[in-house]
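Residue numbers (the numbering used here): 6 to 665. All C-beta atoms in this analysis are idealised placements derived from N, C-alpha and C, irrespective of residue type, glycine included. See below for the structure under consideration.
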Ligand code: AMP
Ligand code: MG
């Protein structure tokens, strides 16, 4: 099959293949393109294109691309000008001047200040007082600095050194000559360019008009930030993040809010948005769900229609790229991180070209990956990473938590790319990391392990003191492994050893020491007022739950200390919900609070925050494995001090933790 036909969505035109009537629904992901092919086809369909031009005042042209070459129509400076405070002279008069042969010049009856046009010529034997920036009078060809002259009364000066012709003179046009191209078309206007234009007297510039980009979020579940979240709804993250990213890359944003998954409503919104825009960016509705309709609408919006629906990217496979009557129309995947990666990788190049801006030049660093990263064969995969300093260079920790996690984006330093042809990146690989910010700032303290809200309380004074703390949540075991490899300063852990019935200490290896942290009361949570649990002990509560066949529990993952407690209480029973095994204390509380489960086990502060009833059972020990070799680092010392302080003891207590 020829690749030329392959990239067209079968529903977008009558292709060479023989499709049935339902081709759009059935085949939408059959023709997945590589990221390179998809981008190339998209760009071919859009460029070259006419760039709309507008005139903007100098100040308002900042950040825009100049539409045409800019030619100076005056000389800068406009006249021959003195560079110093001194006297305008004829250099020939001073040809023989020297220490032993002073030359006396009579002063002309004027002083040329800045902005004053001279009226008298400098005749042989005379000089005229002139200020820096003053225009050279007729006859003069050099300036003598005032420091190199002796006054002889009011009417004359004496000079004891020769002057070369042109000395301390800036000639007309020496900076910018009339007719010279001062700025090339395509130059992005910054403060320096604005300065050049101002010097030439240019008040208005022809610039490439910002592409007007309409942004629409789609989904019945979306609520705008600032409004109240109804059950099963989520906040519209993409609307805000895509709008900001459009503005960052030279587009003028018009945000149309979130539109429900209703074909007629969405089509009306898309047509309306496209009418007044140069580009339309939607998000959501690209996966194969019943409510996903936007790609069907695109096929009706204009020619040639869909260029790619399905790109071999991870995250971001359901990306849809289209061109409708010359305007790019894009559907980004719904998950915010997927939306952002595809936007930056596939849309930003096109948007910047439309805005006349050069491609982004993101800063890159080389770093080593400490763990093997699995990758799907056949898809270019982007993996967000946090950077920490290792013994011999930077280390890049994968920080993605699946394509739904927005925090990973905010907390990462950048991302690495795994080639479509690779099924993994082995541990120890040196790889290039593209930074989200222009520079890496290596943290002063690196904490890798299990996260706890108490940790933020203890590190608060460090942050106030200007220390940068990087905390990477990889769970207790992941933290221990990182500490053993020397990749962090501290690993917060809460690991229970069944044999010794004790926490954490049995897990420390060579080179690690225990720094006691705090205790977290674990117990059974239930919705306030649930008569099955109220007033009971933990053992009684579990018995009561087991006695009710309608009662659903929520468990914890294997390896969690909490799980061991639950299993003991259950004593071999496997009630409904046992196999629901979330990995965090918060997920347990959410499941119970929202009624997906009736009981579970979590820690007291989390139960409180969720407004749940709580039956205390046993304290969990949240401690730190400290890498002994890193104990003397300033960041570690600051942490140990903060941990021992009355301030953090009190803050921990207020939050429901007990300092060890
Ligand atoms: P979809 O492609 O519409 O099926 O969306 C995939 C996932 O992304 C779903 O979990 C959506 O709730 C989520 N999602 C879609 N749009 C947004 C948005 N604007 N903000 C946050 N999440 C979204
Ligand atoms: Mg949706």
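Where the alpha helix (DSSP H) containing residue 630 begins and where it ends: Counting along the chain, no alpha helix (DSSP H) covers residue 630; the unbroken beta strand (DSSP E) around it starts and ends at 617-632.
Are residue 77 and residue 193 touching if we call contact CB-CB under 8 Å? Going by beta carbons, residue 77 and residue 193 fall outside the 8 Å limit.
Inter-residue spacing [alpha-carbon to alpha-carbon] between residue 419 and residue 472: Roughly 20 Å separates the two Cα atoms.
Inter-residue spacing [alpha-carbon to alpha-carbon] between residue 344 and residue 82: Put simply, the backbone Cα of residue 344 is about 51 Å away from that of residue 82.
Any chance the CB of residue 244 is under 7 Å from a heavy atom of the ligand MG? Relative to the non-hydrogen atoms of the ligand MG, the Cβ of residue 244 never comes closer than 7 Å to any of them.
Unbroken stretches of the beta strand (DSSP E), 3 residues or longer, contained in the region 298-327: As far as the region 298-327 is concerned, its whole beta strand (DSSP E) runs of at least 3 residues are 309-314.
Closest residue to residue 361 among 63, 655 and 73 (Cα-Cα distance): It is 73 whose Cα lies nearest to the Cα of residue 361.
What is the residue span of the beta strand (DSSP E) that residue 114 lies within? Where residue 114 is concerned, the enclosing beta strand (DSSP E) starts and stops at 108-117.
How about residue 517 and residue 643: are their beta carbons less than 8 Å apart? Not closer than 8 Å, so no.
Keeping to the same chain, check which residues put their C-beta closer than 6 Å to that of residue 610; ignore five residues upstream and five downstream. Around residue 610: 660 and 661.
Please report the straight-line C-alpha distance between residue 16 and residue 327, rounded to a whole angstrom. Any reading at residue 16 must be qualified, since the residue scores a pLDDT of 34, below 50, and its modelled position is unreliable; the value itself is stated next. Rounded to whole angstroms, residue 16 to residue 327 spans 12 Å at the Cα level.
Flag residue 628 as yes if its beta-carbon sits less than 8 Å from any beta-carbon of chain D, otherwise no. This model lacks chain D altogether; it includes just one protein chain.
What runs of the beta strand (DSSP E), each 3 residues or longer, lie entirely inside the region 381-461? Every unbroken stretch of the beta strand (DSSP E) spanning 3 or more residues and falling wholly within the region 381-461 is given here in chain order: 385-395, 398-403, 419-423, 435-440 and 450-454.
So, using beta-carbon positions, are residue 63 and residue 208 closer together than 8 Å? Yes; because the gap between Cβ atoms is below 8 Å, this pair is in contact.
State the Cα-Cα distance for the pair residue 25 and residue 36, rounded to the nearest angstrom. With a pLDDT of only 36 at residue 25, under the threshold of 50, the placement of this residue in the model should not be trusted, and no figure is reported.
Do residue 657 and residue 459 have their CB atoms nearer than 8 Å? Taking 8 Å as the Cβ cut-off, residue 657 and residue 459 qualify as a contacting pair.
So what's residue 333 in DSSP terms, helix, strand or just coil? It is a strand residue.
Please report how far the alpha carbon of residue 694 lies from the alpha carbon of residue 424, in whole angstroms. This structure gives no information on residue 694, because the portion of the chain shown stretches from 6 to 665.
Regarding residue 371 and the ligand MG, is the C-beta to nearest heavy atom distance less than 7 Å? It does not: the Cβ of residue 371 is nowhere closer than 7 Å to a heavy atom of the ligand MG.
Given 7 Å as the limit, tell me if residue 224 has its C-beta closer than that to any heavy atom belonging to the ligand MG. Yes, the beta carbon of residue 224 sits closer than 7 Å to at least one heavy atom of the ligand MG.
Counting only runs that start and end within the region 141-199, where is the beta strand (DSSP E) found for 3 or more residues in a row? If we require 3 residues or more, the beta strand (DSSP E) runs fully inside the region 141-199 come out as 147-150, 154-157, 161-164 and 186-188.
Quick check: what's the CA-CA separation for residue 370 versus residue 450? Cα to Cα, the separation comes out at about 20 Å.
Quick check: what's the CA-CA separation for residue 607 versus residue 353? Here the alpha carbon of residue 607 sits roughly 44 Å from the alpha carbon of residue 353.
I'd like the span of the beta strand (DSSP E) that includes residue 641, first residue to last. Per DSSP, residue 641 belongs to no beta strand (DSSP E); it is in the alpha helix (DSSP H), 639-649.
Residue 83 bridges to which residues according to DSSP? Under DSSP, no beta-bridge partner is assigned to residue 83.
Alpha carbon to alpha carbon, how far is residue 313 from residue 38? Give it in angstroms, no decimals. Spanning the two alpha carbons is a distance of roughly 7 Å.
Beta-carbon separation of residue 338 and residue 291 under 8 Å? Yes; because the gap between Cβ atoms is below 8 Å, this pair is in contact.
Where residue 603 sits in the DSSP three-state scheme: In the structure shown, residue 603 sits in coil (DSSP, three-state: anything other than H, G, I, E or B).
For residue 266, verify whether its CB is less than 7 Å away from any heavy atom of the ligand MG. Yes - the ligand MG has a heavy atom lying nearer than 7 Å to the Cβ of residue 266.
With 16 other CB atoms within 10 Å as the buried threshold, where does residue 560 fall? Counting Cβ neighbours within 10 Å, residue 560 comes out buried, since at least 16 surround it.
Relative to the C-alpha of residue 87, which candidate in 135, 268 and 75 has its C-alpha closest? Ranking 135, 268 and 75 by Cα distance to residue 87 puts 135 first.
Alpha carbon of residue 32 to alpha carbon of residue 584, nearest angstrom: In this prediction, residue 32 scores a pLDDT of 45, lower than 50, which makes its location untrustworthy; the coordinate-derived value is nonetheless stated afterwards. Near 35 Å, if we compare the C-alpha coordinates of residue 584 and residue 32.
Does any heavy atom of the ligand MG sit closer than 7 Å to the C-beta of residue 339? Checking the 7 Å criterion, the Cβ of residue 339 is within range of a heavy atom belonging to the ligand MG.
Compare the Cα-Cα distances from residue 414 to each of 128, 463 and 477 and report the closest residue. Minimum Cα distance to residue 414 is reached at 477.
Please name the residue or residues paired with residue 374 in a DSSP beta bridge. In DSSP, residue 374 forms no bridge with anything.
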